[in-house]
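For reference, the structure is listed below as structure tokens.
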Amino acid sequence: MRDELFAIVDVDSMYASVEQVFDPRIRGRPVCVLSNNDGCVVTMTAEAKALGVERGQPWFQLRNHPRRAEIVFLSSNYGLYGDMSARMLAILQSVTPRWEAYSIDEAFLRIPAEGATATAVRIRERIGGWLGLPVKVGVAPSKTLAKVAAKRAKQRTERVDNLAEVEPRRVQAILDEFPVADVWGIGPRLTARLAAHEVGSAGQLARLDPGWVRRNYTVVVERTVRELRGISCIPLECSPPPRRQMVHCRALGKPVTDEHEVVDTASTFAQRIAAKLRRHHRAAGLVQVWLSSGGSYYSGAPIDVHGSQALLEPTNAARPLALAAARLARRLYQPGYQYRRIGIILPDLVAEHQVTGMWTTAKNRTIDEALTAAIDSVTSRYGKAAIGLGRAGVRTRAEWEMKQQVRSPAYTTRWDELLVAHAR
DNA sequence: TCTGGGGTCCTAGGACCC
DNA sequence: TCTGGGGTCCTAGGACCC
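Heads up: take any position in the first sequence, counting from 1, add 437, and you land on the numbering used here.
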């Protein structure tokens, strides 16, 4: 008998559910949350799905939906979702310190096999009661099987499923019914390749010889085979490994054609990513900039250029990163194109304490340290847009800033947007 | 007019070493 | 006729996740 099991806690359509927590009027209604720039649907409630809305569907297409008037569309409000996610993790911490934040709406836990189902029910009740978020909980001997259990939990009224208490033969039957494409770690490519080997269900995949799978596929798929057999190969990661790379790329709210605007945008993005580097105590020695006219669905001449520049030594200060990004953007810029997508990529990050400062002059180092400290203290008090270098320090929104026509308030993270209760 | 934004890991192949 | 055998490191690309 195993003494510990994996549990996965998964919020039902997280973004939409959070919006419903703060706005009772939209509970029970079809709700769709849109991507950045209000481009396409990223999350929707079951009610919206029932109306035929699909994940990834562009918003402009849905404006002609026959039942458009019933559907609630909202811009994404990542600050709010991130804050609710942190609160959920705090609740899990009250159950066990052995949890892993897997994504904004999912966490894995290690829980004792004894009373595991009761624990799962308690977690669900606590998150539902304290935060108002609906979750499902899957429990099993491996992470991959816990994900299977969570999918099953969705169909059940109690929203909890523990595969460890199902008898083995019945588990086999469950896996035989489970499409291989829905297995965690099996994407569209592998699904197609597996189909060629007549493997269409999780049960069939689990019965393949692990050695053969390793030779014909990869060690990743081999692990999945073992995990489906109930042998845990993917451990819980309580402390997340340090970031290896950081990316900040955005589709712009409006295409940009002017060189200055392209350079300003790259510089602003670099400052945002520099702040993120500092929060993670990481530093970057290489800056890559990417300019693109968007996808093939746009008219106009396409352009898609990358450039990179090594810094003298790794840093997370705003000034050198912004300068490098601006220089690269200027170099990559070509007139006559419409730029709709700009990105900064920082690969090969190192720990902040590894930076020696050997290659920076004392004067520059002093300037960078003072500037960075000033920027961090001002933004922590007055918000991200309060101060910055160049265009980033201008408070009015630039035209290319993200389109968010229907964003809800940042109820939990901004004093000026707090939820207000009115007495009748 | 309008189609997201992050991440991770693995593998194959090239370059280079002795 | 017949042209070694290991290693390491790096990069690009593929595949996956939410």
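Glycine included, every Cβ here is placed at the ideal spot set by N, Cα and C.
(message) Pull the bridge partners of Y654 from the DSSP assignment, please.
(response) Answer is none; Y654 lacks a bridge partner.
(message) Using a Cβ distance threshold of 8 Å, determine whether the segment 562-578 contacts the segment 512-531, with at least three qualifying pairs required.
(response) Enough Cβ pairs lie closer than 8 Å, so yes.
(request) Taking only the alpha-carbon atoms, compute the straight-line gap between N473 and M839 and give it to the nearest angstrom. (result) 7 Å
(message) Taking 7 Å as the limit between beta carbons, can you name the residues of its chain near S704, skipping five residues before and five after?
(response) Annotation for S704: A759, A762, A763, L826, G827, R828 and A829 place their beta carbon closer than 7 Å to its own, counting only its chain and skipping 5 residues before and after.
(message) Once the 5 residues before and after A590 are set aside, which same chain residues still bring their CB inside 7 Å of it?
(response) K573, V574, G575, R596, V597 and D598
(message) According to DSSP, is L526 part of a helix, a strand, or is it coil?
(response) helix
(request) Kindly identify the DSSP beta-bridge partner or partners of D440. (result) According to DSSP, which records beta bridges pairwise, D440 is partnered with nothing at all.
(message) For R535 and A688, I'd like the C-alpha separation in whole angstroms.
(response) 38 Å
(request) Spatial neighbours of S745 within its chain, please: CB distance less than 7 Å, with the 5 preceding and 5 following residues excluded, ordered by chain position. (result) L723, V724 and Q725
(message) Quick check on this structure: which residue in Y848, Y770 and N753 has the alpha carbon closest to the alpha carbon of L808?
(response) Among Y848, Y770 and N753, the Cα nearest to that of L808 belongs to N753.
(message) On the DSSP letters alone, give me the boundaries of the alpha helix (DSSP H) that K591 sits inside.
(response) K580 to Q592
(message) Tell me which residue opens and which closes the beta strand (DSSP E) that D741 is part of.
(response) D741 to T752
(request) With G565 as the anchor, note down where its alpha helix (DSSP H) starts and where it stops. (result) Looking at the DSSP string, the run of the alpha helix (DSSP H) that includes G565 is A553 to L568.
(request) Output the distance between the C-alpha atoms of Q842 and R680, rounded to the nearest integer angstrom. (result) 32 Å
(message) At the level of alpha carbons, what is the spacing between R768 and V693?
(response) When rounded, the distance between both Cα atoms is 16 Å.
(request) Assuming D440 and A550 form a contact by the criterion Cβ under 8 Å, report the distance between their Cβ atoms to the nearest whole angstrom. (result) 6 Å
(request) Give the DSSP bridge partners of L783, in chain order. (result) When beta bridges are read from the DSSP output, L783 appears opposite M683.
(request) Please confirm whether A720 and V787 have their CB atoms less than 7 Å apart. (result) yes
(message) Between the alpha carbons of A896 and P578, how many angstroms are there, rounded?
(response) Look at the range of the chain in this structure, 438 to 861, and you will see that residue 896 is not part of it.
(message) Mapping the DSSP letters down to three states, classify Y452 as helix, strand or coil.
(response) If DSSP states are grouped into helix, strand and coil, Y452 belongs with the helices.
(request) Give me the Cα-Cα distance between P739 and G732, rounded to the nearest whole angstrom. (result) Taking C-alpha positions only, P739 is separated from G732 by approximately 8 Å.
(request) Could you name the residues of the same chain whose beta carbon sits closer than 6 Å to that of W621, not counting the 5 residues immediately before and after it, in chain order? (result) Answer for W621: T581 and K584, listed in chain order.
(request) Using DSSP bridges, identify the partner residues of I445. (result) F545 and G575
(request) Enumerate in chain order the residues of its own chain whose CB-to-CB distance from T661 is below 8 Å, with the five nearest sequence positions on each side excluded. (result) T581, V620, W621, G622, I623 and L642
(request) For my contact list, R399 and T556 are in at a C-beta cut-off of 8 Å; report their separation, rounded to the angstrom. (result) Nothing can be reported for residue 399: it is not among the residues displayed for the chain, which extend from 438 to 861.
(request) Could you tell me which residues DSSP pairs with L471 in its beta bridges? (result) V478
(request) Name the residue from G476, L488, E696 and V448 whose alpha carbon lies nearest to the alpha carbon of R466. (result) L488
(request) Determine, using beta carbons only, whether D520 and T816 come nearer to each other than 7 Å. (result) no
(request) Within the same chain, show all residues whose beta-carbon is closer than 6 Å to that of N653, passing over the 5 residues directly before and after it, in chain order. (result) none
(message) Going by DSSP in three states, E537 sits in which element: helix, strand or coil?
(response) strand
(request) Would you decide whether A453 is buried or exposed? Buried here means 16 or more other CB atoms lie within 10 Å of its CB. (result) buried
(message) Below 8 Å on the Cβ atoms is my contact criterion, and I expect P757 with L748 to pass it. Report the Cβ-Cβ distance as a whole number of Å.
(response) 6 Å
(request) Pick helix, strand or coil for N801, following the three-state DSSP scheme. (result) helix
(message) Measuring straight from C-alpha to C-alpha, what distance separates S669 and K800?
(response) Between S669 and K800, the C-alpha separation is close to 54 Å.
(message) Taking 7 Å as the threshold (C-beta atoms), are Q682 and N737 in contact?
(response) Checking the displayed sequence, the identity of residue 737 turns out to be Gly instead of Asn. No. Outside cutoff.
(request) Whole angstroms is fine: what's the gap from R778's alpha carbon to S730's? (result) Taking the straight line from one Cα to the other gives about 6 Å.
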